[in-house]
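*Asks:* Each step along the sequence shown adds one to the number in numbering that gives the first Met the number 0, with nothing skipped, and position 74 is 73. Built from N, CA and C at the ideal position, the CB exists for glycine as well.
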Amino acid sequence: MIQLDKQYEPGEVEKRWGQFWQEKNFFHADETKEPPAYSIVIPPPNITGRLHIGHAFNNTLQDILARWKRMQGYNTLWQPGTDHAGIATQNVVEKQLHAEGSYRQELGREAFVDRVWKWRNESGGTITGQLKKLGCSLDWERDRFT
Numbered sequence: 000m001i002q003l004d005k006q007y008e009p010g011e012v013e014k015r016w017g018q019f020w021q022e023k024n025f026f027h028a029d030e031t032k033e034p035p036a037y038s039i040v041i042p043p044p045n046i047t048g049r050l051h052i053g054h055a056f057n058n059t060l061q062d063i064l065a066r067w068k069r070m071q072g073y074n075t076l077w078q079p080g081t082d083h084a085g086i087a088t089q090n091v092v093e094k095q096l097h098a099e100g101s102y103r104q105e106l107g108r109e110a111f112v113d114r115v116w117k118w119r120n121e122s123g124g125t126i127t128g129q130l131k132k133l134g135c136s137l138d139w140e141r142d143r144f145t
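(1) Is the beta carbon of PRO44 less than 8 Å from the beta carbon of HIS54?
(2) Might you give, ordered along the chain, the residues of its own chain that have their beta carbon closer than 8 Å to the beta carbon of ARG119, omitting 5 neighbours on each side?
(3) Taking DSSP as the reference, what is the three-state secondary structure of THR75?
(4) On a CA-only basis, which of CYS135, GLN6, MET0 and GLY17 is nearest TRP77? Give me that one, please.
(5) Run the CB neighbour count on ASP62, radius 10 Å, all protein chains shown included, and call it buried at 16 or more, exposed below.
(6) Of the residues LEU106, ASN74, VAL92 and ILE52, which one's Cα is nearest the Cα of ILE126?
(7) From what residue to what residue does the beta strand (DSSP E) around SER38 run?
(8) Would you say the segment 93 to 109 touches the segment 27 to 34, given that touching needs at least three Cβ pairs under 8 Å?
(9) How long is the line joining the alpha carbons of GLY124 and GLU33, rounded to whole angstroms?
(10) Please state whether DSSP places GLY125 in a helix, a strand or coil.
(11) Is the beta carbon of GLN129 closer than 8 Å to that of LEU60?
(12) Going by Cα to Cα distance, which pick from GLY17, PRO35 and ILE86 is closest to GLY72?
(13) For the alpha helix (DSSP H) holding ALA65, just list the boundary residues, first then last.
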């Protein structure tokens with residue numbers, strides 16, 4: 000007889016299913032497949048923040064549509080991405096530089112842009128991780144950064 004835990008642990012189940020879906024590539028749209036095609040481009044959240052309840056609601060509605068279309072046989076692409084939030088991102092990186100006793104102008108354009116990309120790679124995964132934790136059926140191989 001299977002022994003059940005006294006308490007349901009959703010985190011373990013969600014993680015296991017999320018990994019399974021990703022490994023099986025269930026949410027990947029095949030551009031070589033015949034129509035009908037259906038696509039949704041996620042309104043890209045800002046990389047300087049975290050998801051809030053409005054994002055969760057909006058992404059849940061999009062997820063429902065994407066899954067429904069897949070069940071109807073559509074080659075469905077739900078395109079993920081995040082927005083650069085130029086001024087806000089610049090502000091975050093400049094504050095880091097100030098804390099280190101440096102300024103954007105001292106670095107020069109190329110070095111500053113490199114620093115912004117470094118920061119994006121370190122912190123930009125927060126929102127992506129949150130969307131994955133929600134179980135959103137986005138095609139993560141096509142993740143973009145504007």
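*Replies:* Looking at the atomic coordinates:
(1) One-based indexing of the sequence shown puts residue 44 at position 45. One-based indexing of the sequence shown puts residue 54 at position 55. A contact, by the Cβ cut-off of 8 Å.
(2) On the sequence shown, position 120 is the one that residue 119 refers to. Answer for ARG119: ILE46, HIS83, THR88 and PHE144, listed in chain order.
(3) Indexing the sequence shown from 1 puts residue 75 at position 76. Three-state DSSP puts THR75 in a strand.
(4) On the sequence shown, position 78 is the one that residue 77 refers to. Here the closest residue by C-alpha is CYS135.
(5) Position 63 of the sequence shown, counting from 1, holds the residue named residue 62. Per the 10 Å Cβ criterion, buried.
(6) Taking the first residue of the sequence shown as 1, we reach residue 126 at position 127. Comparing Cα-Cα distances from ILE126 to each of LEU106, ASN74, VAL92 and ILE52, the minimum goes to ILE52.
(7) Taking the first residue of the sequence shown as position 1, residue 38 is located at position 39. For SER38, the enclosing beta strand (DSSP E) has its first and last residue at 36 to 40.
(8) no
(9) Residue mapping note: residue 124 aligns to position 125 of the sequence shown, counting from 1. Residue mapping note: residue 33 aligns to position 34 of the sequence shown, counting from 1. Near 33 Å, if we compare the C-alpha coordinates of GLU33 and GLY124.
(10) Residue mapping note: residue 125 aligns to position 126 of the sequence shown, counting from 1. First, the residue type needs correcting, since residue 125 is Thr and not Gly in the sequence shown. Of the three classes helix, strand and coil, the one that applies to THR125 here is helix, per DSSP.
(11) Along the sequence shown, one-based indexing puts residue 60 at 61. Along the sequence shown, one-based indexing puts residue 129 at 130. GLN129 sits away from LEU60, with the two beta carbons spaced by 8 Å or more.
(12) One-based indexing of the sequence shown puts residue 72 at position 73. Of GLY17, PRO35 and ILE86, the residue nearest in Cα terms is PRO35.
(13) Walking along the sequence shown from the start, residue 65 turns up at place 66. 52 to 70 is the extent of the alpha helix (DSSP H) around ALA65.
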